[in-house]
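**Student:** Submitted below is the structure of interest, expressed as structure tokens.
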Amino acid sequence: MQLFPNAKFITSAAAKSQFITGQGKPVIAVSGKSNVGKSSFINALAGQKKLAKVSGDPGRTRLINYFDFGTFILADLPGYGYARVSKAEKAKWSHLLDDFFAIGEVAHVISLCDIRHEPTADDKLMLNFLYAKIIPFTVVANKADKLSRAQIDKAIGVISTAFKCGRGDIVAVSSKSGYGLDKVKTAIDAVIALCK
Ligand SMILES: Nc1nc2c(ncn2[C@@H]2O[C@H](COP(=O)(O)OP(=O)(O)OP(=O)(O)O)[C@@H](O)[C@H]2O)c(=O)[nH]1
Ligand SMILES: [Mg+2]
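With our numbering applied, the sequence shown covers 496 to 691.
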């Protein structure tokens, strides 16, 4: 299933000067800790296997990768919270992200977390950052294929408590099976409609 057909890779950005601006399309960023499945999620939305690089090796996406999704630009942000990354690398990440959000062209953030685990301190920091910057976001709880329906329901409760948001602000998905991705499309379409 291709929820967003014909998505294309545009470019990778390692610094402010390489950010994509002025495209006349809203930018939707995908954030989340390393290995949570950001790249897999992007591939699942696009219905393509190799659009974004998926890896069992956490911390692989170090750059901001931009994709043209037709009606919007999707930015795959480098994952945070990977313990084996040096202090210098972490500082680089946080400067890159500060610059990225300071440009002010981010319409919405899809904040991915792992449905099986309580949100980490870094997940909470990320959401607090978005609250502080007044950047609207949707929480997407990935890897739902690992849980039963009842466990999914319980996990959404845990995540909403941790993030101090409503259950309705969280979408449970599986980038592997496609579960819940239709709801993400609905949320994205609403963002795009608001930007028009
Ligand atoms: N079971 C299951 N595994 C998943 C799902 N999504 C991703 N994975 C697996 O999780 C691992 C990490 O996936 P990636 O998509 O590379 O994660 P990422 O967040 O882009 O990782 P970084 O780029 O390193 O930050 C891979 O082994 C994927 O196959 C899912 O919905 N279900
Ligand atoms: Mg990735």
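Ideal Cβ placement from N, Cα and C applies to all residues, glycine included. Since this is a predicted model, take the numbers as computed values, not measurements.
Per DSSP, what kind of secondary structure is residue 624 in: helix, strand or coil?
**Tutor:** Helix at residue 624.
**Student:** May I have a chain-ordered list of the alpha helix (DSSP H) segments no shorter than 4 residues that lie completely inside the region 566-654?
**Tutor:** The qualifying runs are 582-597 and 616-628.
**Student:** Let me check you understand the geometry: is the CB of residue 531 closer than 6 Å to at least one non-hydrogen atom of ligand 1?
**Tutor:** Yes; taking the cut-off as 6 Å, the Cβ of residue 531 has a heavy atom of ligand 1 nearer than that.
**Student:** Does the count of Cβ pairs from the region 648-659 and the region 505-520 closer than 8 Å reach three?
**Tutor:** Flag = no, the region 648-659 and the region 505-520 do not touch.
**Student:** Looking only at its own chain, which residues have a Cβ that is under 7 Å from the Cβ of residue 665, when we skip the five neighbours before and after it?
**Tutor:** Closer than 7 Å at Cβ, skipping near neighbours: 634, 636, 651, 654 and 655.
**Student:** How big is the Cα-Cα spacing for residue 528 and residue 621?
**Tutor:** If I take the Cα positions, the gap works out to 10 Å.
**Student:** If you run the structure through DSSP and keep just helix, strand and coil, what is residue 523?
**Tutor:** Three-state DSSP puts residue 523 in a strand.
**Student:** Classify residue 666 as helix, strand or coil using the three-state DSSP reduction.
**Tutor:** Correct three-state label for residue 666: strand.
**Student:** Would you kindly work out how many angstroms separate the C-alpha atoms of residue 683 and residue 523, rounded to a whole number?
**Tutor:** Rounded to whole angstroms, residue 683 to residue 523 spans 8 Å at the Cα level.
**Student:** Residue range of the beta strand (DSSP E) that residue 683 falls in?
**Tutor:** Unbroken run through residue 683 is the alpha helix (DSSP H), 676-690; no beta strand (DSSP E).
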